[in-house]
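Student: Residues in the sequence shown are numbered from 0 upward in steps of one, following numbering that gives the first Met the number 0. Positions of the beta carbon are idealized from the N, C-alpha and C atoms, including for glycine. As the structure is a prediction and not an experimental result, all values here were calculated from the model.
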Amino acid sequence: MTKTQETIGFIGTGLMGHGMAKNIVEKGYPLTVIAHRNRKPIEDLVSRGATEATSYEDLASRSSIIFLCLTGAPEAAEAVAKLTPGLKEGSVIVDCSTGEPTVTMKLAEDMEEIGVAYADAPLSRTPKEAWEGTLDCMVGADEELFTRIEPVIDTWAGKIVRVGSLGDGHRMKLLNNFISLGYAALYSEALALSRKVGIPIEQFDKVIRGGRMDCGFYQTFMGYALEGNREAHKFTLANAYKDLRYVESMANAATVATPLASTAKNAFAMAMATGGDGPEDYVPHLADFVARANGLD
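1. In whole angstroms, what separates the C-alpha of P126 from that of G13?
2. Which residue's Cα is closest to the Cα of Y240: A260, A256, G227 and G222?
3. On the three-state DSSP scale, how would you describe M19?
4. With a 10 Å radius around its C-beta and 16 neighbouring C-beta atoms as the bar for buried, classify P199 as buried or exposed.
5. Classify M221 as buried or exposed, calling it buried when 16 or more other Cβ atoms lie within 10 Å of its own Cβ.
6. Between the alpha carbons of G197 and G132, how many angstroms are there, rounded?
7. What is the rounded straight-line gap between the Cα of M104 and the Cα of L295?
8. For Y117, which of helix, strand or coil comes out of DSSP?
9. Given W130, which residues of its chain have a CB within under 6 Å of its CB, disregarding the five upstream and five downstream residues?
10. Could you tell me how far apart the beta carbons of V115 and I7 are, in whole angstroms, since I believe they sit closer than 8 Å?
11. What would DSSP say about M0, mapped onto helix, strand or coil?
12. Hey, out of V79, F145 and I23, whose CA is closest to E56's CA?
13. Shortest alpha-carbon distance to P121 belongs to which of I113, V93 and R147?
14. In terms of alpha-carbon separation, which member of C95, E99, L69 and S54 lies closest to T83?
15. Taking 8 Å as the cut-off, decide whether the C-beta atoms of A52 and I23 are in contact.
16. Which same chain residues, not among the five before or five after N228, have their C-beta less than 8 Å away from its C-beta?
17. Distance check for L165 and W155, CA to CA, integer angstroms please.
18. By how many angstroms is the C-alpha of E112 removed from the C-alpha of L236?
19. How many Å lie between S60 and D204 at the Cα?
20. When the Cα atoms are used, what is the spatial distance from H284 to Q4?
21. Please confirm whether N293 and D242 have their CB atoms less than 8 Å apart.
22. For the beta strand (DSSP E) holding D300, just list the boundary residues, first then last.
23. Going by beta carbon distance, what residues of the same chain come within less than 7 Å of G16, once the five residues before and after it are set aside?
24. Below 8 Å on the Cβ atoms is my guess for T97 versus K172; work out the distance and round it to an integer in Å.
25. Using CA coordinates, which residue listed in D43, F66, G48 and G11 is at the minimum distance from K26?
26. Give me the Cα-Cα distance between V374 and T273, rounded to the nearest whole angstrom.
27. How is E74 classed by DSSP in three states: helix, strand or coil?
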């Protein structure tokens, strides 16, 4: 398909979605968007050439490929229900949310009955990479569908991996987030212990940074702990907690013991229960909640 043959709909122009949609329209695809709570991203995208839909049904009727970039599985299911009356046979829904695989499979089954394809294509990295068009994307789709949607994903992703068939993208995303959020819990506890035994954060960082324990996630996490940048990694504690609950759900279904995933989830649960449930409480701020739980300011 050429760019002029595919028409793109986009739902969820938040921290990640705004940059993704910006890249889609700027790289030549006709784009239709719809507002939720915040109109600023919509107004920006319209100024770049996008069209604003009057309803979900209107967006569906205009689009051959629809991207969802939402908080989680319930929000994706709600969006699909609203889109359904306007969906055209032969169109595709690409779910970029961090979803529950069981929900993904059920939505795909429902869409298949009306001739609409479904793929899961969750993301990794941050809003900065979304804006730059260099996100990582892990896709669950058969080869034919992947070939169709990959050129559009390529407008906002620097690394695209077809993990496997439907649902495998969301399964891999949960594994990815288990590792990254496990790092966050580990770093937070290590920093609290470091301070308790008298090693300043600056000295801790000098040892870790540039060594074998360093990585990109460590560097963005430490952007807050070391430099005080509250927006170093704009992914909320609430979303992290939700994702680790999804990891546990996937593990339960597979009868896999996950003591480490559950421990990481509990670190985020503690933060949520002690005031970290706001829209600007981000993953690196977990260090503050773990510190306070250990008597540190």
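Tutor: Quick answer:
1. Cα-Cα distance, rounded: 9 Å.
2. A260
3. helix
4. exposed
5. buried
6. 42 Å
7. 45 Å
8. In this structure, Y117 counts as strand in the three-state DSSP scheme.
9. Here the set comprises G18.
10. With 8 Å as the limit, V115 and I7 do not qualify as a contact, their Cβ atoms being about 15 Å apart.
11. Caution applies to M0, whose pLDDT of 42 falls short of 50 and renders its modelled position unreliable; the value that the coordinates give is listed next. Residue state, collapsed to three classes: coil.
12. Nearest neighbour of E56 by Cα position, chosen from V79, F145 and I23, turns out to be V79.
13. V93
14. Selected option, being the one with the closest Cα: S54.
15. no
16. G222
17. 21 Å
18. 37 Å
19. So the two alpha carbons sit approximately 53 Å from each other.
20. Cα to Cα, the separation comes out at about 45 Å.
21. no
22. The question about residue 300 has no answer, for the chain in this structure spans 0 to 296.
23. F9 and C68
24. 5 Å
25. G48
26. A question about residue 374 goes unanswered here, because the residues of the chain that appear run from 0 up to 296.
27. helix
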